[in-house]
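This note's numbering puts the sequence shown at residues 25 to 813. We put the beta carbon where it would ideally sit given N, CA and C, even for glycine. Quick caveat: nothing in here was measured; it's all calculated off a predicted structure.
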Amino acid sequence: MASATQDKLVFEDCVLDLATRQLWRRDSLVSLQPRVFDLLVFLINRRERAVNKDEIQDAVWGNTVVSETALTRAVMKARRAIGDDADEQRLIRTVHGHGYQFTGQLITVDASVVEDADGVTDGNASASQTSLLVRSVRIVFVAAVVIIAVLVLWLVKPQAPDSALRIAMMPVLNDTGSSEFDFATLGLMGLSNGLLADEGQMDVVRAVDVMQYVDYVNWREGDDDTLHAQALRDAYGASHVVVARLTQAVGGLRLSYSVTDHNGRRTESTMVAVDTGSLVRGMVRTIADRLGGVRHALANDAPSIDQDPFINEAYTRALATSLEGRCGEAVALFDVVLARASDTPRAQLERANCLSQLGRWQEAEAAYRRMTASASDNANPVVLAKAFTGLGRVLYETGRRGAANTAYQQSLDIAASVNDKEAIGRALISMAILAYGHRDYPTARELLARSTLQFRQLEWAQLPGQIYSAQANIAMNDGKLSDAEQFLEKALISFRAVGDRRSEAMMLNNYGFLRRLQGRFSDAEPLHLESLRIRKDIGDTVGQGRILGMLSILYQRKGRLDEALSAAERAVTIARDANDALFLAGGLAQLAATQLALGDAQSAQDSFDEAGKLYTQIGDQSRAAQVSLRLADIDVQQGREEQAAQRVGAVLAVAQDNKLPAPAIEALQRRGDLFQRRGQLEQARASFEQALDLIDESGVTDQRAPIAIQLANLYLDADDPRAAEPLLGYIIEEESTIAGLRLQARYAARIGDSAGASRALQAAKQLSPERWGADDERALQFHSNQAQE
Numbered sequence: 025m026a027s028a029t030q031d032k033l034v035f036e037d038c039v040l041d042l043a044t045r046q047l048w049r050r051d052s053l054v055s056l057q058p059r060v061f062d063l064l065v066f067l068i069n070r071r072e073r074a075v076n077k078d079e080i081q082d083a084v085w086g087n088t089v090v091s092e093t094a095l096t097r098a099v100m101k102a103r104r105a106i107g108d109d110a111d112e113q114r115l116i117r118t119v120h121g122h123g124y125q126f127t128g129q130l131i132t133v134d135a136s137v138v139e140d141a142d143g144v145t146d147g148n149a150s151a152s153q154t155s156l157l158v159r160s161v162r163i164v165f166v167a168a169v170v171i172i173a174v175l176v177l178w179l180v181k182p183q184a185p186d187s188a189l190r191i192a193m194m195p196v197l198n199d200t201g202s203s204e205f206d207f208a209t210l211g212l213m214g215l216s217n218g219l220l221a222d223e224g225q226m227d228v229v230r231a232v233d234v235m236q237y238v239d240y241v242n243w244r245e246g247d248d249d250t251l252h253a254q255a256l257r258d259a260y261g262a263s264h265v266v267v268a269r270l271t272q273a274v275g276g277l278r279l280s281y282s283v284t285d286h287n288g289r290r291t292e293s294t295m296v297a298v299d300t301g302s303l304v305r306g307m308v309r310t311i312a313d314r315l316g317g318v319r320h321a322l323a324n325d326a327p328s329i330d331q332d333p334f335i336n337e338a339y340t341r342a343l344a345t346s347l348e349g350r351c352g353e354a355v356a357l358f359d360v361v362l363a364r365a366s367d368t369p370r371a372q373l374e375r376a377n378c379l380s381q382l383g384r385w386q387e388a389e390a391a392y393r394r395m396t397a398s399a400s401d402n403a404n405p406v407v408l409a410k411a412f413t414g415l416g417r418v419l420y421e422t423g424r425r426g427a428a429n430t431a432y433q434q435s436l437d438i439a440a441s442v443n444d445k446e447a448i449g450r451a452l453i454s455m456a457i458l459a460y461g462h463r464d465y466p467t468a469r470e471l472l473a474r475s476t477l478q479f480r481q482l483e484w485a486q487l488p489g490q491i492y493s494a495q496a497n498i499a500m501n502d503g504k505l506s507d508a509e510q511f512l513e514k515a516l517i518s519f520r521a522v523g524d525r526r527s528e529a530m531m532l533n534n535y536g537f538l539r540r541l542q543g544r545f546s547d548a549e550p551l552h553l554e555s556l557r558i559r560k561d562i563g564d565t566v567g568q569g570r571i572l573g574m575l576s577i578l579y580q581r582k583g584r585l586d587e588a589l590s591a592a593e594r595a596v597t598i599a600r601d602a603n604d605a606l607f608l609a610g611g612l613a614q615l616a617a618t619q620l621a622l623g624d625a626q627s628a629q630d631s632f633d634e635a636g637k638l639y640t641q642i643g644d645q646s647r648a649a650q651v652s653l654r655l656a657d658i659d660v661q662q663g664r665e666e667q668a669a670q671r672v673g674a675v676l677a678v679a680q681d682n683k684l685p686a687p688a689i690e691a692l693q694r695r696g697d698l699f700q701r702r703g704q705l706e707q708a709r710a711s712f713e714q715a716l717d718l719i720d721e722s723g724v725t726d727q728r729a730p731i732a733i734q735l736a737n738l739y740l741d742a743d744d745p746r747a748a749e750p751l752l753g754y755i756i757e758e759e760s761t762i763a764g765l766r767l768q769a770r771y772a773a774r775i776g777d778s779a780g781a782s783r784a785l786q787a788a789k790q791l792s793p794e795r796w797g798a799d800d801e802r803a804l805q806f807h808s809n810q811a812q813e
């Protein structure tokens with residue numbers, strides 16, 4: 025269906041005017057970048073089909089080579105402009121692995137009706153022309169008068185407190201002409217955020233989140249603040265954006281600032297003072313009074329940090345240095361502040377955060393514990409909750425996950441006491457990640473559902489990417505790889521929308537892991553390498569080490585063992601330099617696996633031993649048990665089966681005593697393997713059955729399919745296809761794997777279905793050609809010939 029006016033495309037409450045290259049929505053002009061406008065027109069004109077990404081890039085960008093990220097951002101902006109989003113996809117549908125399709129319905133508009141009763145056509149009446157309700161000029165005039173009246177009232181009268189009020193403070197523009205005030209760009213931004221949140225009890229978007237957004241969209245002076253307000257509302261629930269400019273004034277400094285909401289309402293104010301701290305205090309007082317209806321604590325001339333302007337400026341410079349990522353320098357500046365104002369919670373918190381970012385875990389832990397231990401009944405709950413969150417991160421990074429969960433729970437309780445929904449949601453995400461790490465998937469799912477509820481109540485258009493990321497990891501462990509891919513795509517869109525490149529790199533890395541699970545090893549490597557490139561771009565050395573560990577696994581699976589060893593050794597070196605025990609233990613375990621693949625069993629045993637000791641030191645019993653099982657594998661390879669059996673038995677006893685289902689399941693699987701090697705098939709079947717029973721009880725499902733395949737093969741070995749049938753029924757419903765398809769072929773051949781065996785083997789060959797062997801090919805030819813006969 026096409027619009028009768030060929031120069032306009034009309035759908036829902038939107039009108040694309042092709043002649044003026046403008047988008048109108050609900051009678052308001054929506055600013056669109058030229059590429060985004062072209063993208064919308066291109067998709068609409070080809071709405072009868074899904075358009076692949078290469079075709080879109082050729083049509084919209086021409087000969088310019090752009091990354092897939094540029095296309096994703098353009099789609100995100102197009103959706104936002106027309107009132108769609110990645111979750112609903114009402115108008116622009118993502119076709120996974122292919123491209124996009126416009127699914128909206130164009131509305132036929134009679135050109136004779138487009139004019140209003142007074143015959144007004146073009147020019148200033150464009151919005152009225154194309155309105156789906158076709159208002160008259162008189163109605164538009166009356167509406168304009170009403171809007172002006174409301175705006176005047178809003179300007180002269182403070183607004184009542186708004187439950188959805190949330191401030192996004194942009195970097196302060198330094199227009200003084202002096203580099204002496206370069207620190208003000210991020211320093212005054214961070215100081216304003218802290219004063220608004222900590223003293224005025226107002227909701228603010230974190231400075232680090234705003235910085236990511238600013239860097240991603242290349243924000244600069246003169247941009248349309250309304251569009252940024254809309255984008256920050258979608259990403260972080262912001263209701264207002266504050267843009268401030270610092271200039272020289274006679275005898276001092278001037279801070280001019282504007283406050284813009286997502287509807288385009290804007291107010292402007294100016295402060296004049298002799299120092300930057302006084303300027304910020306004045307701005308914060310006014311914003312708190314006008315927007316929040318709050319008499320700010322600073323209204324009584326209380327200092328932002330200290331009565332001494334030198335200390336205030338030192339704190340502001342420390343904030344700026346910290347936000348720039350120069351945490352070593354920032355700690356020294358915070359020390360200067362705390363030497364004079366030792367009881368300043370915000371300075372204590374920022375210093376502890378810097379120590380944490382530097383990986384100085386012991387110092388960071390001591391700082392957080394001092395804050396949480398000395399907190400009084402009248403302590404600021406916002407700062408205290410953040411201190412417990414920081415403590416939880418340190419405990420998590422150093423492997424003390426039980427203690428980390430306790431710290432996150434304390435943060436959650438404090439956030440709940442003041443109904444800080446964002447803080448509640450983020451604490452729940454952290455606790456879900458911990459539960460996932462313990463393979464307690466039911467608890468992780470519950471926590472993620474509770475977190476989702478908090479952010480939905482905030483009416484954020486886009487959930488934090490961490491929710492989707494955790495859901496993807498759980499889906500991968502459940503073997504639901506298609507669901508995992510959808511969650512990963514949502515996470516990637518969410519992180520890219522807010523410019524979180526570190527998390528974007530993490531998602532690309534996880535995509536690579538997913539491709540490995542799918543047997544698509546050639547597709548996995550570019551994803552890991554792109555993730556590594558981003559980590560290098562942003563200077564994330566530890567992140568590079570984690571990706572090198574993933575690449576080592578990939579190279580090992582592809583038989584590129586020298587490359588696997590090099591990547592694993594580099595990962596271990598980075599982990600040692602970072603003084604990260606948990607990361608180092610994981611790196612050593614992967615290094616050992618590579619050394620074992622190269623035939624160096626002694627070096628592998630040494631690496632596994634060191635990894636096991638580290639896991640034991642940090643109290644991670646589950647991973648320590650898994651390392652013991654790897655050592656049992658070495659024992660088997662070296663012909664020490666009795667020693668392997670002893671290790672497996674010890675792991676099983678510890679896992680059962682401490683209620684650790686994941687290592688218990690793996691130990692039962694290893695015990696079944698040992699029984700099978702010895703020809704004790706009845707005991708092997710019993711051990712595998714016990715493992716499957718524990719999987720059903722615990723919900724730790726990631727090993728279900730491999731164990732079910734092993735057990736089904738044992739039943740077929742015993743010429744008992746009927747016993748194998750329930751297991752086949754389960755495996756067929758799961759994501760296809762080459763092992764599962766080989767089993768299906770074997771079962772089909774056993775019951776005389778050569779055609780079914782041929783189909784299963786053909787599917788296995790297509791699924792994972794890299795793992796297709798000569799025996800597979802001979803079996804395929806045999807069953808194909810049998811089926812033809």
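**Request:** List the residues that DSSP assigns as beta-bridge partners of G123.
**Result:** In DSSP, G123 forms a bridge with N76, V119.
**Asked** Apart from the five residues on each side of it in sequence, which residues of its chain come closer than 6 Å, Cβ to Cβ, to A409?
**Response** Hits under 6 Å: S435, I438, A439, A447.
**Message:** Does G416 pass the burial test, meaning 16 or more other C-beta atoms within 10 Å, or should it be called exposed?
**Reply:** Burial call: buried.
**Request:** List the DSSP bridge partners of F519.
**Result:** Note: F519 sits in no beta bridge, so no partner.
**Request:** Thinking F712 and L740 are a contact (beta carbons under 8 Å), I'd like their distance in whole angstroms, please.
**Result:** The Cβ separation is near 13 Å, so there is no contact.
**Asked** Considering only C-alpha positions, which residue in the set V234, I311, R450, T310 is nearest to D524?
**Response** Ranking V234, I311, R450, T310 by Cα distance to D524 puts V234 first.
**Prompt:** What are the start and end residues of the beta strand (DSSP E) that includes W48?
**Reply:** W48 -> beta strand (DSSP E) spans 46–49.
**Prompt:** Hey, how far is the Cα of A43 from the Cα of A102?
**Reply:** Taking the straight line from one Cα to the other gives about 19 Å.
**Prompt:** In three-state terms, what does DSSP make of H462?
**Reply:** H462 falls in the coil class under three-state DSSP.
**Message:** Considering Cα atoms alone, identify which of Q662, E794, G214 is closest to G583.
**Reply:** Of the listed residues, the one whose Cα sits closest to G583 is E794.
**Asked** Could you give the distance in angstroms between the alpha-carbon of H51 and the alpha-carbon of K32?
**Response** The sequence shown places Asp at residue 51, not His. Cα to Cα, D51 sits roughly 14 Å from K32.
**Asked** alpha helix (DSSP H) containing K789: first to last residue?
**Response** Taken as a continuous stretch (DSSP letters only), the alpha helix (DSSP H) holding K789 covers 778–791.
**Distance CB(A259)-CB(A591) smaller than 7 Å** = Result no, Cβ atoms of A259 and A591 do not sit closer than 7 Å.
**Request:** Find the nearest neighbour of D62 within the set G764, A74, A83, K77, judged by alpha-carbon distance.
**Result:** Comparing Cα-Cα distances from D62 to each of G764, A74, A83, K77, the minimum goes to A83.
**Prompt:** In the structure shown, what three-state DSSP assignment does K504 receive?
**Reply:** DSSP places K504 in coil when its eight states are reduced to three.
**Given P745 as reference, the closest of P730, A732, A729, R774 once Cα atoms are compared** = Ranking P730, A732, A729, R774 by Cα distance to P745 puts R774 first.
**Prompt:** Any contact of the region 631–647 with the region 603–621, i.e. 3+ C-beta pairs under 8 Å?
**Reply:** Short answer: they touch.
**Message:** Which residue marks the beginning of the beta strand (DSSP E) containing F35, and which one marks its end?
**Reply:** Under the DSSP assignment, F35 falls in the beta strand (DSSP E) whose first and last residues are 32–35.
**Message:** Let's see if you can read the secondary structure: which residues bound the beta strand (DSSP E) around D41?
**Reply:** That run of the beta strand (DSSP E) goes 38–41.
**Request:** Report yes if the CB atom of E759 is closer than 7 Å to the CB atom of L505, and no otherwise.
**Result:** Yes, Cβ-Cβ distance for E759 and L505 is below 7 Å.
**Asked** Residues in its own chain within less than 7 Å of S576 by CB, not counting five upstream and five downstream?
**Response** The beta carbon of S576 sits closer than 7 Å to those of A588, A591, A592, A595, Q614, T618, all from its chain and outside the five residues before and after it, given in chain order.
**Asked** Okay, do the region 493–501 and the region 455–464 touch, 3+ Cβ pairs below 8 Å being the bar?
**Response** Contact holds between the region 493–501 and the region 455–464, because three or more Cβ pairs, one in each stretch, are under 8 Å apart.
**Request:** Output the boundary residues of the alpha helix (DSSP H) element that contains G214.
**Result:** Note, G214: alpha helix (DSSP H), 208–218.
**Prompt:** In the DSSP assignment, what residue or residues form a beta bridge with L277?
**Reply:** DSSP output for L277 lists Q272, A297 as bridge partner(s).
**Request:** Pull up the distance between the alpha-carbon of L279 and that of R290, whole angstroms please.
**Result:** Computed Cα separation, rounded: 17 Å.
**Request:** Within the same chain, show all residues whose beta-carbon is closer than 7 Å to that of R117, passing over the 5 residues directly before and after it, in chain order.
**Result:** The beta carbon of R117 sits closer than 7 Å to those of Y124, Q125, T127, all from its chain and outside the five residues before and after it, given in chain order.
**Request:** Please name the residue in I453, V407, L357, T413 whose C-alpha comes closest to that of S380.
**Result:** For S380, the closest C-alpha among the options I453, V407, L357, T413 is that of T413.
**Prompt:** Roughly how many angstroms separate the alpha carbons of V298 and T271, rounded to a whole number?
**Reply:** Straight-line Cα distance between these residues: approximately 12 Å.
**Message:** How far does the beta strand (DSSP E) with M193 in it extend, from its first residue to its last?
**Reply:** M193: member of the beta strand (DSSP E) spanning 191–193, first to last residue.
**Asked** Is the CB-CB distance between V238 and H264 below 7 Å?
**Response** Contact: no.
**Request:** Have a look at L541 and P730 and give me their C-alpha separation to the nearest angstrom.
**Result:** Cα-Cα distance, rounded: 12 Å.
**Prompt:** Going by alpha carbons, who is nearest to G349 out of V232, Q433, C38, S293?
**Reply:** Nearest C-alpha to G349: V232.
**Prompt:** Per DSSP, H552 forms a beta bridge with which residues?
**Reply:** Note: H552 sits in no beta bridge, so no partner.
**Item:** Backbone secondary structure at H807 - three-state DSSP
**Value:** It is helical.
**Request:** Would you mind reading off the limits of the beta strand (DSSP E) that contains V54?
**Result:** Taken as a continuous stretch (DSSP letters only), the beta strand (DSSP E) holding V54 covers 52–54.
**Asked** Cα-Cα, which of I106, T340, L95, A648 is closest to V129?
**Response** As written in the sequence, residue 129 is Gln, which differs from the Val given in the question. Q129 has its Cα closest to that of I106, out of I106, T340, L95, A648.
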